[in-house]
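Some notes on the structure that comes next.
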Amino acid sequence: MTTAPASPPAPTHDPVPPAARARDLRKTYGSGDSAVHALDGVTLDLAAGRFTAIMGPSGSGKSTLMHCMAALDAPTSGDVEVDGVDLGRLKDKALTTLRRERIGFVFQAFNLVPTLTARENILLPLNLAGKKPDQQWFDTVIDAVGLRDRLGHRPSEMSGGQQQRVACARALVSQPSIVFADEPTGNLDSTSGAEVLSFLRRSVDDFGQTVVMVTHDAVAASYCDSVVFLADGRVVDELHQPEREQILEHMTRLQDVAAARRAEAGGGTA
Numbered sequence: 000m001t002t003a004p005a006s007p008p009a010p011t012h013d014p015v016p017p018a019a020r021a022r023d024l025r026k027t028y029g030s031g032d033s034a035v036h037a038l039d040g041v042t043l044d045l046a047a048g049r050f051t052a053i054m055g056p057s058g059s060g061k062s063t064l065m066h067c068m069a070a071l072d073a074p075t076s077g078d079v080e081v082d083g084v085d086l087g088r089l090k091d092k093a094l095t096t097l098r099r100e101r102i103g104f105v106f107q108a109f110n111l112v113p114t115l116t117a118r119e120n121i122l123l124p125l126n127l128a129g130k131k132p133d134q135q136w137f138d139t140v141i142d143a144v145g146l147r148d149r150l151g152h153r154p155s156e157m158s159g160g161q162q163q164r165v166a167c168a169r170a171l172v173s174q175p176s177i178v179f180a181d182e183p184t185g186n187l188d189s190t191s192g193a194e195v196l197s198f199l200r201r202s203v204d205d206f207g208q209t210v211v212m213v214t215h216d217a218v219a220a221s222y223c224d225s226v227v228f229l230a231d232g233r234v235v236d237e238l239h240q241p242e243r244e245q246i247l248e249h250m251t252r253l254q255d256v257a258a259a260r261r262a263e264a265g266g267g268t269a
């Protein structure tokens with residue numbers, strides 16, 4: 000009787016570490032009976048090279064979570080890591096350096112300097128850091144957002160969609176480990192919003208960028224690889240490769256629960 004040779008062991012691969020992670024993250028405003036628990040024990044990994052949306056009803060803690068994970072605010076307790084760096088161990092100066100060099104930001108209000116041209120706004124983070132731009136990468140980003148003919152224009156000479164594309168280019172030009180986008184299409188019409196979302200999607204697919212977006216818009220979230228849902232400061236669900244209808248169903252359910260709780264707390268009906 001012959002014995003079949005044992006199969007070779009399956010190769011092992013080290014998992015790709017997340018671009019950012021939170022462990023038992025808590026954020027409390029106020030104290031005693033008036034304390035508000037904006038985050039209540041959030042544990043979350045944000046996958047590298049992926050487009051993730053964070054959603055939830057008003058007051059669910061989604062913006063607070065983004066601010067804590069982007070080093071814009073400090074949690075009351077818990078741990079946050081960005082690109083393997085424990086934010087809790089950094090002093091203010093080191094946090095500023097980390098935000099400048101490893102994190103990109105896109106805000107609803109664009110936050111462009113009105114007296115600077117599009118080119119100057121895009122390069123502003125590098126200039127503040129005393130770094131020269133990588134011209135090849137700069138050209139790649141500019142062509143991706145379709146702004147080459149607007150580089151000499153100031154914000155007042157551009158549409159809202161063009162201004163937000165400038166903000167996206169500014170976020171990417173320093174080649175950050177992660178980009179946080181807070182309601183990036185909130186001030187845009189549907190056409191301009193689709194242009195911005197398509198660029199963020201392309202930055203993930205073509206450039207390997209990590210993008211995390213806070214949004215209330217199911218259409219915007221449908222551009223993402225996954226959607227994390229928050230309620231009452233906690234992660235309550237997650238969808239992968241989400242469809243717009245799935246996202247709407249989840250959000251409607253969460254909003255109904257939140258409305259019922261508010262009505263119960265107020266002693267009335269929703």
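Heads up, the sequence shown is in numbering that gives the first Met the number 0, so the first residue is 0 and it goes up one at a time.
Virtual Cβ for every residue (Gly too), placed ideally from N, Cα, C.
Taking DSSP's pairing of strands, which residues face residue i in a bridge?
i      : result
ARG22  : ASP78
PHE50  : VAL210
PHE179 : PHE104, VAL211
PRO35  : Per the sequence shown, the amino acid found at residue 35 is Val instead of Pro. TYR28.
VAL84  : VAL81
Kindly indicate which three-state DSSP category residue i falls into: helix, strand or coil?
i      : result
THR190 : helix
ARG101 : helix
ALA258 : helix
ASP91  : helix
HIS215 : coil
ARG164 : helix
SER62  : helix
ARG153 : coil
ALA230 : strand
GLY40  : strand
ASP236 : strand
PRO7   : Because PRO7 sits at a pLDDT of 47, beneath the cut-off of 50, its placement in the model cannot be relied upon, and the following sentence gives the value as read from the coordinates. In this structure, PRO7 counts as coil in the three-state DSSP scheme.
ASP279 : Residue 279 lies beyond the range of the chain shown here (0 to 269); nothing can be said about it.
SER225 : strand
LEU45  : strand
PRO132 : coil
ASP142 : helix
PRO113 : coil
LEU199 : helix
LEU71  : coil
Where does residue i land, buried or exposed, given buried means 16+ other C-beta within 10 angstroms?
i      : result
THR96  : exposed
ASP216 : buried
GLY29  : exposed
SER158 : exposed
MET0   : Because the pLDDT of MET0 is 48, which lies under 50, any placement of that residue in the model is unreliable, and the question is left without a value.
GLN163 : buried
VAL112 : exposed
PRO17  : buried
LEU127 : exposed
GLY76  : It is worth fixing the name first, because residue 76 is Ser in this sequence and not Gly. Result: exposed.
VAL26  : One detail in the question is off: residue 26 reads as Lys in this sequence, not Val. Buried, because 16 or more other Cβ atoms sit within 10 Å of the Cβ of LYS26.
GLY267 : At GLY267, the pLDDT of 46 sits below 50, so the modelled position is not reliable; the number obtained from the coordinates is stated separately. When all chains shown are included, GLY267 counts as exposed.
VAL172 : buried
ARG98  : buried
Apart from the five residues just before and just after residue i, which ones in its own chain have a Cβ nearer than 7 Å to its Cβ?
i      : result
SER221 : PRO241, GLU242, ARG243, ILE246
GLU263 : none
GLY55  : LYS61, PHE228, LEU229, ALA230, LEU253
ALA170 : GLY103, PHE104, VAL105, VAL178
VAL218 : ARG243
Looking only at its own chain, which residues have a Cβ that is under 8 Å from the Cβ of residue i, when we skip the five neighbours before and after it?
i      : result
VAL85  : The question names Val, yet the displayed sequence has Asp at residue 85. For ASP85, where only same-chain residues beyond five positions count, the Cβ hits under 8 Å are ASP78, VAL79.
ALA108 : ASN186
ASP279 : The structure shown does not extend to residue 279, since the chain spans only 0 to 269, so no value can be given for it.
Go through its chain and collect everything with a Cβ distance to residue i's Cβ below 6 Å, but skip five positions before and after it.
i      : result
ASP224 : ARG49, PHE50
PRO154 : LEU111, PRO113, GLN162
SER59  : LEU229, ALA230
ASP255 : none
ASP82  : ARG101, SER176
GLY232 : HIS36, ALA37, LEU38, ASP39, GLY60
GLU166 : According to the sequence shown, residue 166 is Ala rather than Glu. Same-chain partners within the cutoff: VAL105, PHE109.
Could you tell me whether the segment 31 to 48 touches the segment 191 to 211, where touching means 3 or more Cβ pairs closer than 8 Å? yes
Would you be able to state if there are at least three C-beta pairs under 8 Å between the segment 96 to 107 and the segment 171 to 180? yes
Contact the segment 20 to 35 vs the segment 183 to 199: 3+ CB pairs below 8 Å: no
Would the segment 128 to 144 count as touching the segment 196 to 206 if we require 3 or more Cβ pairs under 8 Å? yes
Check whether the segment 33 to 44 touches the segment 149 to 157, taking contact to mean three or more Cβ pairs, one atom from each stretch, closer than 8 Å. no
Stretch pair the segment 194 to 204 + the segment 115 to 130: three plus CB contacts closer than 8 Å: no
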